[in-house]
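Following: one structure in structure tokens, then a few remarks.
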Amino acid sequence: MTQWFVKDLSKLTGVSVQTLHHYDRIGLLTPSLRRANGYRVYSEKDLLKLQQIIALKFFGFELSQIKTLLKEESNALKHFNSQVQVLEQKAAFLLEGARTLRSIVDSVDANQSIPWETIIQLIEVYKMTEHMEHNWVKEIFTPDELKQYAEFEKELKANTTLEQKEAFENSWHLLVEAVKNNLEQDPGSALGIELGKKIMDWVNGVYGTKYAHLRTKKFEKGFGEGKGLDEVGLTPEIVSWMDKAMDAYWRDRIYGILGQVGKKPSSTISALWHEMLIDMYGEDTSRKNAIYEIALNDDKVSSQAKAWLKNMLDI
1 MTQWFVKDLS KLTGVSVQTL HHYDRIGLLT PSLRRANGYR VYSEKDLLKL QQIIALKFFG
61 FELSQIKTLL KEESNALKHF NSQVQVLEQK AAFLLEGART LRSIVDSVDA NQSIPWETII
121 QLIEVYKMTE HMEHNWVKEI FTPDELKQYA EFEKELKANT TLEQKEAFEN SWHLLVEAVK
181 NNLEQDPGSA LGIELGKKIM DWVNGVYGTK YAHLRTKKFE KGFGEGKGLD EVGLTPEIVS
241 WMDKAMDAYW RDRIYGILGQ VGKKPSSTIS ALWHEMLIDM YGEDTSRKNA IYEIALNDDK
301 VSSQAKAWLK NMLDI
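Quick note on numbering: UniProt numbering labels position 94 of the sequence shown as 94, and the sequence is numbered without any gaps.
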């Protein structure tokens, strides 16, 4: 059976020695044999795995995603479908830039001056998105959403002091650590609901209602698909637990509000309901409307509460 030292494998595949060392450190590609002197020895099986990694990187998958894919090949098609959407969105973003530039070219005659003000505005938008803190969001947001996200980051930096930023980051790391220490617990338990509330309070404190739709998509299409996890101390297991805990928190809050129908004034319940919807999805009307449908089809919601919900929809 053929074997290779790290330098030989590097020459064979075109992957640098430093990259192979990095793959080993993060557990993505561990050599089958490590000699007493520390030399890495790669087998034919390792070579095949490296070729798979190279192929997945070609299609834009991040290392954390590739690691998950190679462990769970049964779910590969699902990840491939998601990546197709990512690549299509990238293509759409590039096409929008090409169309915009084409419209400028077509609107200017040879004897006219170039509309530099318009071009400068386009460049500013590009620069705003180019230097985003989490660069991978370009893969999940539409061009319009990218502009909004760039505005969000700009506002956040302008309105947040260094001390506040450090406090936000510290509180986030404490939340992540709390989840990590309770992964064996049921996310639907009282503890899970409590942590779910703390996570949502933290996230809403950062994004507010104006950018809640970006917050939701970033979690679902970003962290939920394995993107940018290392940057914020997450793992697929932590994300999954958080998702279930937040869902349990929202369900508990929904049941708590609807359980008061017939016991408290409708105006009081209505205020609580609208406050909850804003906390959940901000100004995203379509997602808020979907909550009505979910509640109306939930067997745990009483017929009296469902009648109240239908009345709210008619208002």
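Even glycine gets a Cβ: it sits at the ideal position worked out from N, Cα and C. From a predicted model like this one, the values you see are computed outputs, not experimental measurements.
Minimum C-alpha distance to arginine 25 - residue among Thr142, Arg251, Phe223, Lys67: For this step, residue 25 is matched to residue 25 along the sequence shown. Of the listed residues, the one whose Cα sits closest to arginine 25 is Lys67.
Boundaries (first-last residue) of the beta strand (DSSP E) holding tyrosine 42: Here the question's residue 42 lines up with position 42 in the sequence shown. If you look at tyrosine 42, you'll find it in the beta strand (DSSP E) that goes 40 to 42.
Measure the beta-carbon distance from isoleucine 238 to valine 176 and round it to whole angstroms, keeping in mind my assumption that it falls under 8 Å. Here the question's residue 238 lines up with position 238 in the sequence shown. Here the question's residue 176 lines up with position 176 in the sequence shown. About 6 Å; that satisfies the 8 Å criterion.
Residues of its chain near tryptophan 4, where Cβ-Cβ distance is below 6 Å and the 5 sequence neighbours each way are ignored: As a first step, residue 4 must be located in the sequence shown, where it is residue number 4. Only Tyr42 meet the Cβ criterion.
Minimum C-alpha distance to lysine 11 - residue among Ile269, Lys57, Leu47, Asp230: The residue given as residue 11 occupies position 11 in the sequence shown. Of the candidates Ile269, Lys57, Leu47, Asp230, the one whose C-alpha sits nearest the C-alpha of lysine 11 is Leu47.
Which residues DSSP lists as bridging lysine 157, in chain order: As a first step, residue 157 must be located in the sequence shown, where it is residue number 157. Answer is none; lysine 157 lacks a bridge partner.
In angstroms, rounded to a whole number, what distance separates the CA positions of leucine 94 and threonine 142? Position 94 of the sequence shown, counted from the start, is the residue given in the question as residue 94. Position 142 of the sequence shown, counted from the start, is the residue given in the question as residue 142. Cα-Cα distance, rounded: 11 Å.
Give the secondary structure of lysine 263 by DSSP, where H, G and I count as helix, E and B as strand, and everything else as coil. For this step, residue 263 is matched to residue 263 along the sequence shown. It is coil, neither helix nor strand.
Presumed contact (8 Å Cβ cut-off) between glutamate 62 and glycine 226, rounded CB distance: Indexing the sequence shown from 1 puts residue 62 at position 62. Indexing the sequence shown from 1 puts residue 226 at position 226. Going by Cβ atoms, the distance from glutamate 62 to glycine 226 rounds to 7 Å, so yes, they are a contact pair.
Between the Cα of residue 331 and those of Ala190, Asp230, Gly262, spot the shortest distance and give me the residue it belongs to. What the structure shows of the chain is the stretch from 1 to 315, and residue 331 is not part of that stretch, so it cannot be assessed.
Once the 5 residues before and after asparagine 204 are set aside, which same chain residues still bring their CB inside 7 Å of it? Here residue 204 refers to the residue found at position 204 of the sequence shown. These residues qualify, in order along the chain: Asp279.
Classify phenylalanine 223 as buried or exposed, calling it buried when 16 or more other Cβ atoms lie within 10 Å of its own Cβ. As a first step, residue 223 is located in the sequence shown; it is residue number 223 there, counting from the start. Classification for phenylalanine 223: buried.
If distances are taken between C-alpha atoms only, which option among Lys198, Asp243, Gln52 comes closest to threonine 216? As a working note, residue 216 is residue 216 in the sequence shown. Looking at the Cα atoms, Asp243 is the closest of the given residues.
Going by the beta-carbon positions, is the gap between leucine 69 and leucine 20 smaller than 9 Å? Reading the sequence shown from its first residue, position 69 is the one you call residue 69. Reading the sequence shown from its first residue, position 20 is the one you call residue 20. Contact: no.
Cutoff 8 Å; reference tyrosine 292; Cβ partners in own chain excluding five residues on either side: The count along the sequence shown starts at 1 and reaches residue 292 at position 292. Contacts found: Leu309, Met312, Leu313.
Residue environment, alanine 212, which counts as buried when at least 16 other CB atoms sit within 10 Å: On the sequence shown, residue 212 is found 212 positions in, with the first residue counted as 1. Under this definition alanine 212 is a buried residue.
Nearer than 8 Å: is that true of the beta carbon of asparagine 311 relative to any heavy atom of the ligand ATP? This structure simply doesn't include the ligand ATP, nor any ligand for that matter.
Is proline 265 buried or exposed, if buried means 16 or more other CB atoms sit within 10 Å of its CB? Counting from one through the sequence shown, the residue named residue 265 turns up at place 265. Result: exposed.
Tyrosine 249 vs glycine 192 beta-carbon contact at 9 Å: Within the sequence shown, residue 249 is the residue found at index 249, counting from 1. Within the sequence shown, residue 192 is the residue found at index 192, counting from 1. Yes, these two residues count as a Cβ contact at 9 Å.
Considering only the alpha carbon of each residue, which of Val105, Glu283, Val84 lies closest to glycine 208? As a working mapping, residue 208 is identified with position 208 in the sequence shown. Comparing Cα positions, the closest option is Glu283.
Assess contact between the segment 83 to 92 and the segment 255 to 264, defined as three or more Cβ pairs (one per stretch) separated by less than 8 Å. Is contact present? Taking 8 Å as the limit for Cβ pairs, the verdict is that the segment 255 to 264 does not touch the segment 83 to 92.
Of the listed residues Asp109, Arg251, Ser240, nearest to methionine 276 (C-alpha basis): Position 276 of the sequence shown, counting from 1, holds the residue named residue 276. For the residues Asp109, Arg251, Ser240, the minimum Cα distance to methionine 276 belongs to Arg251.
Quick check for students: name the residue ranges of the alpha helix (DSSP H) that lie wholly in the segment 181 to 226, counting only runs of 4 or more. DSSP runs (the alpha helix (DSSP H)) wholly in the segment 181 to 226: 190 to 207, 212 to 217.
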